[in-house]
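Undergrad: Mind having a look at this structure? Questions to follow.
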Amino acid sequence: MKTILNPADLLNLKERIAVLSTSGKRKWGTMTVEEMVVHCKRQLQLALGEIPSVTQGSALMRTSLVKWISFSALPWPKGSMTPNEMNKDKNSFQLKEIESEKSDLINYLDKVIQASTLFPHPFFGTLSRKEWGQFIYKHIDHHLKQFSQ
134 MKTILNPADL LNLKERIAVL STSGKRKWGT MTVEEMVVHC KRQLQLALGE
184 IPSVTQGSAL MRTSLVKWIS FSALPWPKGS MTPNEMNKDK NSFQLKEIES
234 EKSDLINYLD KVIQASTLFP HPFFGTLSRK EWGQFIYKHI DHHLKQFSQ
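See the structure below:
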């Protein structure tokens, strides 16, 4: 399972983020590339506790089985549920130009790596450092594929 805790996997994500452009065509969904980058950054801000969150979704989401399925090698369905704090339609994302947004996302990846404490996920509850690393990789990878990266 790929994870941001593996330096090679982290570098792979950073390289793919670096080549994103506003001309990238999405394969599904409604987010622009800038909105997607902010959406991914907000996940990292949630993990760091910079954005307060509340428990959302079914208690089933916080079970070991659902976590295992969600973090496994199986691809996520397009249009999966999104925590309110990361949902572009429920928040007014303050968008900067794409290069600045990409730089912020990459910097937040490094902040998560260096963090001594990570906060609970709104759907999955308390996650181990290993689970957060896998989940963050899978989430960002999912959205990079959305824009052909």
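My numbering numbers the first residue of the sequence shown as 134 and each following residue consecutively.
For glycine and all other residues, C-beta sits at the position ideal for the given N, C-alpha and C.
Closest to residue 140 by C-alpha separation, out of 247, 169, 260, 275, would be which residue?
TA: Translated into the one-based positions of the sequence shown, residue 140 becomes position 7. Checking every option, the nearest Cα to that of residue 140 belongs to 247.
Undergrad: Any contact of the segment 173-190 with the segment 247-257, i.e. 3+ C-beta pairs under 8 Å?
TA: The segment 173-190 vs the segment 247-257: in contact.
Undergrad: What whole-angstrom Cβ distance do residue 272 and residue 176 have, given they're in contact under 8 Å?
TA: Along the sequence shown, one-based indexing puts residue 272 at 139. Along the sequence shown, one-based indexing puts residue 176 at 43. Confirmed, Cβ separation roughly 6 Å.
Undergrad: So does the segment 155-166 actually touch the segment 263-271, counting three or more Cβ pairs closer than 8 Å?
TA: With the cut-off at 8 Å, the segment 155-166 and the segment 263-271 do not touch.
Undergrad: Please state whether the Cβ-Cβ distance between residue 266 and residue 137 is less than 9 Å.
TA: Taking the sequence shown and counting its residues from 1, one reaches residue 266 at position 133. Taking the sequence shown and counting its residues from 1, one reaches residue 137 at position 4. Closer than 9 Å, so yes.
Undergrad: Just the Cα atoms here: how many angstroms apart are residue 260 and residue 197?
TA: Sequence index remark: in the sequence shown, residue 260 carries index 127 (1-based). Sequence index remark: in the sequence shown, residue 197 carries index 64 (1-based). Their Cα atoms are separated by approximately 10 Å.
Undergrad: How long is the line joining the alpha carbons of residue 264 and residue 152, rounded to whole angstroms?
TA: Along the sequence shown, read from residue 1 onward, the residue named residue 264 stands at position 131. Along the sequence shown, read from residue 1 onward, the residue named residue 152 stands at position 19. Each residue's Cα considered, the two are about 27 Å apart.
Undergrad: Which first and last residues belong to the alpha helix (DSSP H) in which residue 149 is found?
TA: Counting from one through the sequence shown, the residue named residue 149 turns up at place 16. 140-151 is the extent of the alpha helix (DSSP H) around residue 149.
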